[in-house]
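Q: One structure, as structure tokens, below. Some questions next.
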Amino acid sequence: MQRSKIKEILTQKKPDDEVLVQGWVKTRRSSKSVTFVQITDGSTLQDLQIVVDETNPGHDAAATLTTGCSVSVQGVLVESPGQGQKFEIQANTLTVLGESDPDSYPLQKKRHSPEFLREIAHLRPRTNTFGAMARVRNSLAYAIHTFFQERGFQFIQTPIITASDAEGAGSMFQVTTLNLNDVPKDNGAVKHEDDFFGRPTFLTVSGQLEAEIFAMALSDVYTFGPTFRAENSNTSRHLAEFWMVEPEVAFCQLDGLSELAEDFLKRLCSHVLANCLEDMEFFNKWYDNSTISTLDSIANSQFERLTYTEAVDLLKKSSQTFEYPVDWGIDLQSEHERYLTETMIQRPVIVTDYPKDIKAFYMRLNDDGETVRAMDVLVPRIGEIIGGSQREERREILEGRMNESGISHDEYSWYLDLRSYGTVPHSGFGLGFERTVQFITGVSNIRDVIPFPRTPKSAEF
RNA sequence: UCCCCGAUAGCUCAGCGGUAGAGCGGUCGGCUGUUAACCGAUAGGUCGUAGGUUCGAAUCCUACUCGGGGAGCCA
1 MQRSKIKEIL TQKKPDDEVL VQGWVKTRRS SKSVTFVQIT DGSTLQDLQI VVDETNPGHD
61 AAATLTTGCS VSVQGVLVES PGQGQKFEIQ ANTLTVLGES DPDSYPLQKK RHSPEFLREI
121 AHLRPRTNTF GAMARVRNSL AYAIHTFFQE RGFQFIQTPI ITASDAEGAG SMFQVTTLNL
181 NDVPKDNGAV KHEDDFFGRP TFLTVSGQLE AEIFAMALSD VYTFGPTFRA ENSNTSRHLA
241 EFWMVEPEVA FCQLDGLSEL AEDFLKRLCS HVLANCLEDM EFFNKWYDNS TISTLDSIAN
301 SQFERLTYTE AVDLLKKSSQ TFEYPVDWGI DLQSEHERYL TETMIQRPVI VTDYPKDIKA
361 FYMRLNDDGE TVRAMDVLVP RIGEIIGGSQ REERREILEG RMNESGISHD EYSWYLDLRS
421 YGTVPHSGFG LGFERTVQFI TGVSNIRDVI PFPRTPKSAE F
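So the first sequence is numbered by the working numbering: it starts at 1 and just counts up by one.
This is how it looks when you write it as structure tokens:
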């Protein structure tokens, strides 16, 4: 007999159907005459109740089941006379596949703190929260690909190991096969020629520059993969290894890009509501009781658009006092961004045209010579969820900006080449996948929205 | 990296100078078509680590480690 997933059983099977179901025990309640076993198989948030009568030869085994055991059950689907579930399985046979010693099994049939669950990352996928998390992540990843695929974007796989060490996005992890206990040296300096690639190499901080190469040939492309930052960041919204989505669009200026970003975020919100409502209701109940209404309103509302200069004016005019005063020329602080999106505007805000001195060298210089065509999308609770820009497509101006930033023309000659041979206006942004999952689920710590978080001093599992 | 807070039973926490506590979970027994079931009994702790103050430290002080909140860096 073929196994059915619990989700299938609840949606496609009818009373009196005979089914084979396999999963893990959440909890068990027994008496002399009957035992109830609640099992889950991860296909849905809902547990399935198995009823084992005392006359069943498997009753003794069922009565000793504990949380975490794995079982295989053949039985008949019936409408449940009890409260709390529509259907249940009247077991014919129940086989214990794997025991789970209750003295040492850390998961209990009660709520655990996210901090504790992080310490047992190999078992936390079995919890309601993490099962829901995995399904929402999966659904979001699917929505990301379909959004771009439907619009004719090509999915490009950019390298994870890179030799560019000055992409302006923070410190990088070095990749080496040199023996660190006995590094080959030449006059005191490390002999990088002896290293695997014959030169220093690093884990990528962004696929953007490589994506630009393909945008200059295929027009509309995107990347979606792991990204690494060796920053000593200890916050609830930073990881050393995270996933990032980076579309790069040729023949597109900043206003086109911000439209794309807005459509994209709206699509992610509505997709999750349409496909993971049960899991979202769980997050709404236990983590943030405004998350569903927020997603709803985002899917149906207009994002606010402000220039940096307008944002600074607005903040200055507000009666709010900030720890860091607002002034034109300094970057917006977290408190400013959050006040803008959470209090003043109360929905996502796209801030554009930042002073050039606080943004990366590749962003297109405006005619005022002072600002660049940068774009940050700010959302309540998280702050910056998307950072992007129109890229500088004029070679001379790009070279000037590289000089100002101390970036080697030699090392980026290929990047400059794109501006010499058929350059076109183009734009792109980066969306932090885990920050998006945080925003959507309402789970406050980024370590609890990724299966195996990597943070400073922590790389277990 | 900086500021603030925390670390006591498997988990969540109380105790804050004078003999280590509760709830949940575990174990044993009872009971019931049960729903984080219920009732009774029971086991379980070098009070994060290392120093110091004191007649006496879980409790006060110092350092370190780890965790949380905030900041910076950013996605």
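Cβ coordinates follow ideal geometry from the N, Cα and C atoms, glycine included. Computed from a predicted structure; not experimentally measured.
Under the DSSP definition of a beta bridge, which residues are partnered with VAL377?
A: ILE350, ILE386.
Q: Please list, in chain order, all residues of the same chain as GLN22 whose beta carbon is under 8 Å from its beta carbon, the five residues on each side excluded.
A: Excluding residues within five positions, the ones whose Cβ falls inside 8 Å are ARG3, ASP41, SER70, VAL71, SER72, VAL73, LEU97.
Q: Does the beta-carbon distance from ILE298 to ARG267 come in below 8 Å?
A: In this structure, ARG267 does not lie closer than 8 Å to ILE298 by Cβ.
Q: Give the single residue among MET402, LEU117, ALA189, GLU241 whose Cα lies nearest to the Cα of LYS457.
A: Of MET402, LEU117, ALA189, GLU241, the residue nearest in Cα terms is GLU241.
Q: Looking at the secondary structure, which residues open and close the alpha helix (DSSP H) in which TRP286 lies?
A: Run containing TRP286: 277-286, per the alpha helix (DSSP H) assignment.
Q: Got a sec? Which residues, its chain only, sit under 8 Å from SER80 by beta carbon, not counting five neighbours each side?
A: These residues qualify, in order along the chain: GLN49, LYS86, PHE87, GLU88.
Q: Please state the DSSP three-state secondary structure of GLN333.
A: Reduced to three states, the DSSP call for GLN333 is coil.
Q: Does the pairing of the region 337-354 with the region 215-229 give three or more beta-carbon distances under 8 Å?
A: Touching, no.
Q: Going by the beta-carbon positions, is the gap between THR371 and TYR308 smaller than 8 Å?
A: Yes, the Cβ-Cβ distance between THR371 and TYR308 is below 8 Å.
Q: Please work out which residues of its chain come closer than 7 Å, Cβ to Cβ, to TYR415, disregarding the five sequence neighbours upstream and downstream, and give them in chain order.
A: Excluding positions up to five away in sequence, the list reads LEU209.
Q: Go to VAL205, then tell me how far its alpha helix (DSSP H) extends in each direction, as first and last residue.
A: VAL205 -> no alpha helix (DSSP H), and no H or E assigned at all.
Q: Should the region 428-436 be called in touch with the region 240-260, which here means at least 3 C-beta pairs below 8 Å?
A: Touching, yes, given that three or more Cβ pairs across the two stretches are closer than 8 Å.
Q: Inspect the beta-carbon positions of PHE197 and ALA143 and report whether they are closer than 8 Å.
A: No, these two residues do not count as a Cβ contact at 8 Å.
Q: Considering only residues of the region 424-454, which uninterrupted beta strand (DSSP E) runs meet the minimum length of 3 residues and lie entirely inside it, listed in chain order?
A: You should have 426-432.
Q: Which residue's Cα is closest to the Cα of ILE397: GLY388, HIS409, THR176, ASN179?
A: The residue with the shortest Cα to Cα distance from ILE397 is HIS409.
Q: Quick check on the DSSP output: the alpha helix (DSSP H) that includes ARG118 runs from which residue to which?
A: 114-119 is the extent of the alpha helix (DSSP H) around ARG118.
Q: If you measure between the beta carbons of SER100 and GLY68, is that distance less than 8 Å?
A: In contact: SER100 and GLY68 (Cβ atoms closer than 8 Å).
Q: Specify the secondary structure class of MET363 as computed by DSSP and reduced to three states.
A: In the structure shown, MET363 sits in a strand (DSSP, three-state: E or B).
Q: Rounded C-beta distance between GLU434 and ILE450? I'm assuming under 8 Å.
A: About 5 Å; that satisfies the 8 Å criterion.
Q: Rounded to the nearest angstrom, what separates VAL377 and ALA215 at their Cα positions?
A: Approximately 22 Å between the Cα atoms of the pair.
Q: Cα-Cα, which of GLU54, ALA62, ASN56 is closest to VAL37?
A: Closest by alpha carbon: ALA62.
Q: Could you tell me the boundaries of the beta strand (DSSP E) in which LYS26 lies?
A: That run of the beta strand (DSSP E) goes 18-30.
Q: For ASP17, which of TRP24, VAL25, GLU8 has the nearest alpha-carbon?
A: Measuring from the Cα of ASP17, the nearest candidate turns out to be GLU8.
Q: Between which two residues does the alpha helix (DSSP H) containing PHE130 stretch?
A: Where PHE130 is concerned, the enclosing alpha helix (DSSP H) stretches over 128-150.
Q: Indicate the three-state DSSP secondary structure (helix, strand or coil) for ALA189 in the structure shown.
A: Strand at ALA189.
Q: Are the region 380-390 and the region 437-449 in contact at 8 Å, needing three or more beta carbon pairs?
A: Taking 8 Å as the limit for Cβ pairs, the verdict is that the region 437-449 does touch the region 380-390.
Q: Determine, using beta carbons only, whether THR44 and LEU77 come nearer to each other than 8 Å.
A: For THR44 and LEU77, no; Cβs fall outside 8 Å.
Q: Relative to the alpha-carbon of GLY329, which residue among ILE160, LEU140, GLU335, VAL312 has its alpha-carbon at the smallest distance?
A: The option with the nearest alpha carbon to GLY329 is VAL312.
Q: Within 10 angstroms of the Cβ of ILE446, are there 16 or more other Cβ atoms? Answer buried if so, exposed if not.
A: That one is buried.
Q: Figure out for me which residue from PRO380, ASP327, PHE282 has the closest Cα to the Cα of PRO355.
A: Out of PRO380, ASP327, PHE282, ASP327 has the C-alpha closest to the C-alpha of PRO355.
Q: Using the Cβ count rule (16 or more neighbours within 10 Å means buried), how would you classify THR294?
A: Buried, since its Cβ has 16 or more Cβ neighbours within 10 Å.
Q: Buried or exposed: which applies to PRO159, given that a residue is buried once 16 or more other Cβ atoms fall within 10 Å of its Cβ?
A: PRO159 should be labelled exposed.
Q: From what residue to what residue does the alpha helix (DSSP H) around THR291 run?
A: Unbroken alpha helix (DSSP H) run through THR291: 291-300.
Q: In the DSSP assignment, what residue or residues form a beta bridge with GLN74?
A: Looking at the DSSP assignment, GLN74 forms a beta bridge with LEU20, THR93.
Q: Who are the near neighbours of SER464 in its chain, counting only those whose CB is closer than 8 Å to its CB and skipping five residues on each side?
A: No information on residue 464 is available, as it lies outside the stretch 1 to 461 that the chain covers here.
Q: Can you name the start and end residues of the beta strand (DSSP E) that THR227 belongs to?
A: Note, THR227: beta strand (DSSP E), 220-228.
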